[in-house]
Structure formats: structure tokens, C-alpha cells
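Per my numbering, the very first residue in the sequence shown carries number 27; after that it's consecutive. Below: one structure, written as C-alpha cells.
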Amino acid sequence: MTEPAADTSAVLSAQDSLVLASMASPVEMELITAWVDRQRAVHPGARVDVLRLPEPDAPPSALTALARQLESGDDRSIVPVQVFWLPPPDRSRLAKVAGLLPGLDPYHPNQRRQRRIRRDAPGRARVVAGEPAKVSELRQQWRDTTVGEDPRDFAEFVIRRAILAIERVEYRILGPQYKSPRLLKPEILASARFRAGLQKIPGATVEEAGKMLDELATGWSRVSVDLVSVLGRAISRGFDPAIDYDEYQVAAMRSGLETHPAVLLFSHRSYIDGAVVPVAMQENRLPPVHVFAGINLSFGLMGPLLRRSGVIFIRRNVGGSPLYKYVLREYVGYIVEKRFNLSWSIEGTRSRTGKMLPPKLGLLAYVADAYLDGRSEDILLQPVSISFDQLHETAEYAAYARGGEKTPEGIGWLYNFIRAQGERNYGKIYVRFPEAVSMRQYLGPQQGPLSHDQDDKRLALQKMSFEVAWRILQATPVTATGLVCALLLTTRGAALTLDQLRHTLQDSLDYLERKHTPMSTSALRLRTLAGVRAAVDALSNGHPITRVDGGREPVWHIAPQNEHAAAFYRNSVIHAFLETSIVELALAHARHLPDDGGDRMAAFWAQAMRLRDLLKFDFYFADSAAFRDNIAEEMAWHDHCEAHVAAGGDEIDAMLFAKRPLMADAMLRVFFEAYEIVADVLRDAPADIGQQELMDLALGVGRQYVAQTRVRSSESVSTLLFATARQVAAGQDLIAPADLCTAELAERRSAFRRELRDILRDFDYVERIAREQFVAREFTARQRRRDSRTA
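Next comes the structure, spelled out in C-alpha cells:
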């Protein structure tokens, strides 16, 4: 019973058969009886017995008849049969929601509705049969895979195989989006491999493992599949109803999923992401995913509802429970082996800064074990980029950045979240599926997880996860929101007119087109005044942009209290300008070398690599060799660049003035200002200063520096940026055990602070040239307007 029958009108062969019929009502009994009579008419010489298929959790007494039939010595074909009730076509949204109510589930109608369907729409009542299998074949499978010993154990195994065989037929009728694991707990608990591993864990019991499986249990009910688009739209209301996809990417992913199971690893900027992935799969008629989520989201009625919608709730901290780790590992292995798809955020949690966080490897290690165990010949890691024109959560993220606490989840939190989604139009949701990463390519031959060198395995996991994250970034479209916020954050609160915004944005759009960087429709429309007006109007409908009216023409700016929210959008596009910004800073560094300071080109390359090292905790980079190639390509905008860099002085000034756009100040200044604030705190801090103490001191010093205008904006004063700045400091060996508070440590800290101040001086230099560009552009624009009026 491994494959569905192609034709249910005559599936019984001339040999003897035992039909295991799932019959829950008199109507179903009548339909199956008529079906069996037709089969007997086709093969009048064959012996066909019919036995009611017991439920998987039936008491032992209900298994007696089946066990007796299986032990009779006849090697008959076992044929599972069931009545499949098709839902009515073109059901309304209300009808889909009504399917949750007792008696209104279209896939399990009550007796009264069954009789009505049989009378008025007989085509919706179909008898389906799973692929037959001989008793001897089933017995061999049972002995090979389970720990069963007596006839009832074998009967339970046959029941599970029968149910799964029928399910496969129904999936073919409904489509792959309805595929979902069934009987997961009994299948795993009866597995010989699971029991063997369980015996190696001191004190572990089957009962306790079963409770953990109940906690993990999930599945897609058919009603839930039908409701995916309804519920997803409810959660994501406020956005354009049509999600933006790349159809070529969808087709490529569909082809891959037909061959191998996949783990969909998505970027995570909003709670909405977990709803977007299932909606995207269902809308494109792709197999459903089973999404991992923290058990903190299993509250009230949401827990049971989400479990029936493919959500797997896992504990946050599992290190202290070897049994839970084992059960979770086996659970993941079973899902993969049965070719169901998993999904979770590669970052592990939401990014509250707008840029991608470092990947987490925990669950990925379990998937790697499943591959190395030979449970699938390959597993695809499918990157998923999810981005938004706007999010209402940016206000919450801004509060976090200023030191606020996370709001605990609950019914009230969910109500407020959904209500906030409907307050205004947030634009579009963009979903991209770049090329998948092959686990086999990175892990090599399947040797078993314990036979694989653990250091090699961890290194391969790191490379895989970074490759997935890199592909997500490269596929994420740059939005108008990100570009406009990046521009206005550089003006230090000064407002710009519509013409000024449009003229300044053109250089960025030209650069993105030259680099073939994906852009959203809203970004492409920034070529026109109407497109710019639409972008700033959308952003000034709430936070973070403020529109000022009453003068000769409206102007737009970002008020200080909205800088953190605007930074979230700016950070979502930094990846597209990261390397060109580093080029600018490295050129500025070479410019500031004294005349007898040595080889300026060598200094340029050394500084580019140094900036990459300092920023590695905040951003994803290509490997060193590829990064150098990318920097060299960025330099190709200027002819004979090496000679001009070597000349220094005015030559570098001219190079930068000719460069379009200049992005370093817009994209990276705040990160180095945050680093410098932390470095300043470290000057007289204990050697082993704790993270929270460092955070509190940095917030205080940062607020002082904002008040004194020693840093450009309040967005540099952020717990989110300070957390990474501490990682940078630790990476420079500036945090040490208490007994190592030496003069050498103090000097290293001072030297690091001096280095950061030099880099901030380079920002000032690039910013000055960018301002000169802006003035020149404005002068040219005014001249053109004057000329057009004169003409």
C-alpha cells in the first residue's frame, strides 16, 4: 500500500482480496457495498471479503477480527477503501469559515448532508481505494521497521498502512497543497529505530516520549488548508491582497519539490511572515509547509487552531532535556523521510533592525542528521525572501531600540496586532524563492551523523546557512520606502521638496539598474514625480515621515522621534549599497594619508578589508576573494582609478565627486557611531563588563551625545545596534576576564576608539562631497526650470 490506484472503478484483481472499508455511516456502507458488488462482477471467480477498517486508536478487542484474518495463512491482497466526499466547487469565503463548525465540514458531512449529496450531487461521493498490498509484503515491512511482536501489533500496522494509502489517493484528487502527515505519533513510537535510540537515554520512557510528540504534533486539516488564504488575509489585512511573486522562481521551486523534501528558510521581519509562507504555498498550489514556532505562541484557542494549520510548537530552551532533543530530532527525521516540507525563520527570531540577523543552526542540524542517516537522498534548503513596503511593527521596534521591553503574546496582544493591521494601507508584500541549496552538495555522501566529522559538519552547516541568507538578500527587492527613508535620514531633519527628492533618488536608481538589483514596482516608479509623491504620501500617512504644508509647496522630513522607525526601512536596503559604501570610505581613508604615508592603493585595499571585518557582525559578505572582486568591480566606474588613487588629494576628491551615488553616510554612519559610543564607554569600564551594564551605560552616553550633537541622530543610540557593537568589541579582544584589566587592554581600547573616530572623519569627508553634489544638482535643476520658463 504505497501508491494510489490509478482507476478506482476496477482495482481488485482476479486473486483473493480482503477489503478494509472505512464506513462511518449507513450511507457510506451502502456506497461501499455497491462498489464491492461491481468489483465482484468484474472478477466473479475471486474471493472478496469485506471487513470494517478499525480506527487507529481502537481498543484491542476491535482488532480481533482483523488479526484473525491476517493470521489465517492466506496471502491475500489487502485493499483499503473509503468514501471520499468532495467539497462543492467555488465555495465562498463564508462557506470556508463555516467548515469549522460541527456538521459543516464539507470533507466529513453528517448523515443528513450525505444523503442530500448522494441525491443531488452524486459525483461528490466517490469511493476511493488505496493500492493493494499482499499480507506477506506487509508482514515483512512490519518486521523490518517496527518493534511489534504479537498479531494485534501487526493488525495496528496494517491499519496505519491502509489509512495512509487512502490518504495518498485523496491527495491526488485534491492536489499537493492538501498533503499532510497522519498517524505521526503511533508511527514514530512503533519504529524500531526510535525505540533503539530511546533505550540509550537514561530514564527515558515511551510514555514520556509520547507526551512530547503530542506537544509537537501538527498537521493540515483540509478545512485549514481551505482557510489558509482567508486567515492569512485576515492577519495581513492592510496590505494589497495580491502578494507579489516571481513566477519563474515559483515554477523552479515546484520542480524541485517534486523530487526532494525541502526546508523553507524565510527572512523574518514581522509576525506576519509565519502566515505569509503557507499562503504563498497554497496560492501557488504547492505542498503545504509545517512551520516551527516558539511555544510562547501556543496560547488560548490559537494553540489548537495553529496546530491544525501546520504549526509545530517547540520549546525555546531544550539543552537540559536529552529526551526532548532526541524526540525533536526523530520528529524532524520522520517529516523529512515522508517527504513533507518544513519551514522556519533562518534568523531564529524577528529582525527588529530591518536587516537580516545571523543564521541559527539548531534545527538545521537535525535536518542534516536526517540526511546523513539516509532518510532522504537529498534535502533542499529553499531560501524565502519576505519583504514589505511598510510594517506597523516599526513603532514597536523603535521602542525596543530605545530600551523598551517586549510585549508578551496573548489574546489581547493578537487582537491589538490584527486591529493595527487595518489602520491604514501598508502597501505590498513581496515573496521571492531564489534557487535552493542542496544539502547533499555541502555534506557529501551519507555516512550517518555519528560517522561524520562533527567539526566538518558544523562548518558545512555554517556555509549552507550563510549561502541561504546570501541568496535571500540578493533576491530581496529594494523598495521605495527604503530608498526614501535612506535619503531623508541623511538630511539631519531638514525637509526636502518633491523635486529635490526625485532628483536625488535618480542616482540610486541608476546604480541599482546597473547592478541588476531587484526592485519593487514602487521603487521603479520613483523615476516620476507621481511615484515619489505616492511613496512619501504613504509614509507620511503615519510614521515615520512628516509632511509640512502651508508654504509655497509641501516638504517632507523625518522628525527626531521617528528616526528609529525610518532606520528599519533604510536598513532593509543596505545590502544593495554595502560594497559601494565601503569603496567610498576606503577612498576617504586613502585620501587622508599623509604625503609620505606610503602606497595609497595598498591602504585602500587594507581599509576595505578592515571595514569588512568590523561590519561582519552586522552584515553578510561574500567570501574574501569574491569580496575583493566585487570591490574591484565597484571601482571600475572610474577610468584609471589606481593612478588617481595613487595621486591622492584633489584626484580622489574628483573621483568621489564623479561617483554616483555616494551612499556611505546614508547607509553605514549610524553603525560606526554606535560602535564609537560603545568604545567610548569601554575606556573606563571593567575588563569583564556585562552586556546589560554595557547597554545601560551606552544608552546614557548616547543620549548625552545626541543632546550635544556629538552624534548625528538618535538612531545611533539603540540597544539593537549596541548589542552588535559589543560583539565587535569582543572580536577585537576588548572584553576580558576581570584579572586581565591591564594597561595593554586599556591601550587596545583607546586605539580602537581612535580608529573609529578616524572612520567617522572619513564619513564626514564623503558627506561633504555628497552635499556638494546635491548643491550642484539643485543649481542645474533650477537653471533648467529657468530655461524652460524662458523658452
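The beta carbon of each residue, even a glycine, is placed where N, CA and C say it ideally should be.
If I measure Cβ to Cβ from residue i and keep anything under 7 Å in the same chain, skipping five residues before and after, which residues do I get?
{"i": "D101", "result": "K160, V161, S162"}
{"i": "R810", "result": "none"}
{"i": "S814", "result": "none"}
{"i": "H286", "result": "S402, D404, I405, L406"}
{"i": "D33", "result": "Reliability of the predicted coordinates at D33 is poor, the pLDDT of 42 falling under 50, and the value obtained from them is presented with this limitation in mind. Answer for D33: no residue qualifies."}
{"i": "A36", "result": "Note that A36 has pLDDT 46, beneath the 50 cutoff, so the model's placement of it is unreliable and the number below is only indicative. The residues are Q65, V68."}
{"i": "A672", "result": "R626, M627"}
{"i": "I185", "result": "L79, P80, P82"}
{"i": "E419", "result": "S296"}
{"i": "D691", "result": "T516, F789, V792, E793, A796"}
I'd like the span of the alpha helix (DSSP H) that includes residue i, first residue to last.
{"i": "V353", "result": "348 to 363"}
{"i": "R94", "result": "90 to 96"}
{"i": "Q275", "result": "273 to 283"}
{"i": "T547", "result": "547 to 550"}
{"i": "P212", "result": "210 to 215"}
{"i": "S650", "result": "650 to 661"}
{"i": "V232", "result": "232 to 242"}
{"i": "L522", "result": "Run containing L522: none; DSSP gives neither H nor E here."}
{"i": "T745", "result": "745 to 757"}
{"i": "I143", "result": "137 to 146"}
Which residues bound the beta strand (DSSP E) around residue i?
{"i": "F318", "result": "315 to 320"}
{"i": "S103", "result": "103 to 111"}
{"i": "A592", "result": "Not the beta strand (DSSP E): A592 falls in the alpha helix (DSSP H), residues 589 to 597."}
{"i": "L44", "result": "43 to 48"}
{"i": "W582", "result": "581 to 584"}
{"i": "S206", "result": "S206 -> no beta strand (DSSP E), and no H or E assigned at all."}
{"i": "R573", "result": "571 to 574"}
Do residue j and residue i come within 9 Å of each other at the CB atom, strictly closer than that value?
{"i": "F697", "j": "L771", "result": "no"}
{"i": "P544", "j": "P503", "result": "yes"}
{"i": "R78", "j": "L44", "result": "no"}
{"i": "A614", "j": "Y791", "result": "yes"}
{"i": "I298", "j": "Q447", "result": "yes"}
{"i": "N588", "j": "A424", "result": "yes"}
{"i": "F339", "j": "L242", "result": "yes"}
{"i": "L604", "j": "L565", "result": "no"}
{"i": "G346", "j": "P304", "result": "no"}
{"i": "T516", "j": "V581", "result": "no"}
{"i": "L527", "j": "V510", "result": "yes"}
{"i": "H294", "j": "S217", "result": "no"}
{"i": "I584", "j": "G519", "result": "yes"}
{"i": "L694", "j": "S607", "result": "yes"}
{"i": "V107", "j": "V62", "result": "yes"}
{"i": "P763", "j": "A713", "result": "yes"}
Tell me which same chain residues have a C-beta within less than 6 Å of the C-beta of residue i, skipping the five on either side of it?
{"i": "V289", "result": "L368, V393, L407"}
{"i": "Q472", "result": "L398, G400"}
{"i": "E29", "result": "Reliability of the predicted coordinates at E29 is poor, the pLDDT of 40 falling under 50, and the value obtained from them is presented with this limitation in mind. Excluding residues within five positions, the ones whose Cβ falls inside 6 Å are E157."}
{"i": "E699", "result": "V737, S742"}
{"i": "H601", "result": "L499"}
{"i": "V457", "result": "I269, Y271, A306, I412"}
{"i": "E668", "result": "M627"}
What residues match up with residue i in a beta bridge as DSSP calls it?
{"i": "N367", "result": "V315"}
{"i": "W168", "result": "Partner(s): none; W168 has no beta bridge."}
{"i": "G453", "result": "F265"}
{"i": "P409", "result": "L291"}
{"i": "R458", "result": "S411"}
{"i": "D75", "result": "L44"}
Looking only at its chain, what residues have a beta carbon closer than 8 Å to the beta carbon of residue i, apart from the 5 residues adjacent to it on each side?
{"i": "R208", "result": "I189, L190, E193, G245"}
{"i": "G223", "result": "Y352, E356"}
{"i": "G236", "result": "K211, L215"}
{"i": "A749", "result": "Q717, M721"}
{"i": "V494", "result": "L291, I372, P385, L407, P409, V463"}
{"i": "N310", "result": "Y271, V276, R280"}
Would you say residue i touches the ligand ZN, meaning its beta carbon is less than 8 Å from a heavy atom?
{"i": "V792", "result": "With respect to small molecules bound, the structure shown includes none, and the ligand ZN cannot be examined in it."}
Is it the case that the segment 84 to 102 contacts the segment 165 to 183, given that we only count it when at least three CB pairs across the two stretches are under 8 Å? yes
Would the segment 624 to 642 count as touching the segment 346 to 361 if we require 3 or more Cβ pairs under 8 Å? no
Is the number of C-beta pairs between the segment 478 to 498 and the segment 451 to 469 that are closer than 8 Å three or more? yes
Could you tell me whether the segment 436 to 446 touches the segment 522 to 542, where touching means 3 or more Cβ pairs closer than 8 Å? no
Assess, as a yes-or-no matter, whether the segment 756 to 769 is touched by the segment 721 to 739 under the definition of 3 or more beta carbon pairs within less than 8 Å. no
Are there three or more Cβ pairs, one per stretch, closer than 8 Å when the segment 132 to 139 is compared with the segment 166 to 178? no
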